[in-house]
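Note sheet for the following structure.
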Amino acid sequence: MRKTIKITKQYLNDITYSFLGCCINVHKELGPGLLESVYHQCLIEELKYEGISFLSELEVPITYRSKKIEAKLRADLLIEDCLVVELKSVKEIQPIFEAQLLTYMHLLKARKGILVNFNCLNIFKEGQKTLINDFFRELPN
1 MRKTIKITKQ
11 YLNDITYSFL
21 GCCINVHKEL
31 GPGLLESVYH
41 QCLIEELKYE
51 GISFLSELEV
61 PITYRSKKIE
71 AKLRADLLIE
81 DCLVVELKSV
91 KEIQPIFEAQ
101 LLTYMHLLKA
111 RKGILVNFNC
121 LNIFKEGQKT
131 LINDFFRELP
141 N
């Protein structure tokens, strides 16, 4: 049985920091230029190694006018039941990727999301973007 953890801004920031550390480790080992699926699988192994709870390829439920829609929409990762992750390996991050992540956050009622692009020289400086929403702003510190 999982223990109940009170989600605070600090808790989410700590999870984000730990997750980014995993991304940096994978990127240091592999470097840029590989397919997103390769980074995804290696990141799964790194998360397991670090003991971080996650769901991979999480189906995102869609409800429209009170009816569940049968659509195959999947978020790359959900970390510790509260941080939505969208992985990329592209030349540059496009605004639509951020919009996609914000939509996943809204549909999953997640407070924070992170977009990670492994096709860069430095994950921390240029390969990640953290997004928050009103759910996050309402959390206690």
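Here my numbering is used: position 112 in the sequence shown is 112, and no number is missing along the way.
All C-beta atoms in this analysis are idealised placements derived from N, C-alpha and C, irrespective of residue type, glycine included.
This structure is a prediction, so every number in the text was calculated from the model and none was measured.
- Classified as exposed, N122 has fewer than 16 neighbouring CB atoms from the shown chains inside 10 Å of its CB.
- Burial is judged here by how many other beta carbons sit within 10 angstroms of a residue's own beta carbon; K68 has fewer than 16 and is exposed.
- Between the beta-carbon of L58 and that of L78 there is about 5 Å, and that keeps the pair under the 8 Å contact cut.
- Note that the C-beta distance between Y17 and F118 is not below 7 Å.
- Assignment of alpha helix (DSSP H) within the segment 7-56, counting only whole runs of 4 or more residues, yields 9-30, 36-50 in chain order.
- Between the alpha carbons of H106 and V26 lies a distance of about 28 Å.
- Your pair L12 and F136 checks out as a contact, with CB atoms roughly 7 Å apart and the cut at 8 Å.
- In this structure, E86 places its C-beta atom within 7 Å of the C-beta atom of D76.
- Here L73 is not near K112, since their CB atoms are 7 Å or more apart.
- Out of E80, T8, E126, L47, the CA that lies nearest to the CA of G21 is found in L47.
- In this structure, K6 lies away from L139, with their beta-carbon atoms at least 7 Å apart.
- Pairing I132 with G51, the inter-Cα distance amounts to about 24 Å.
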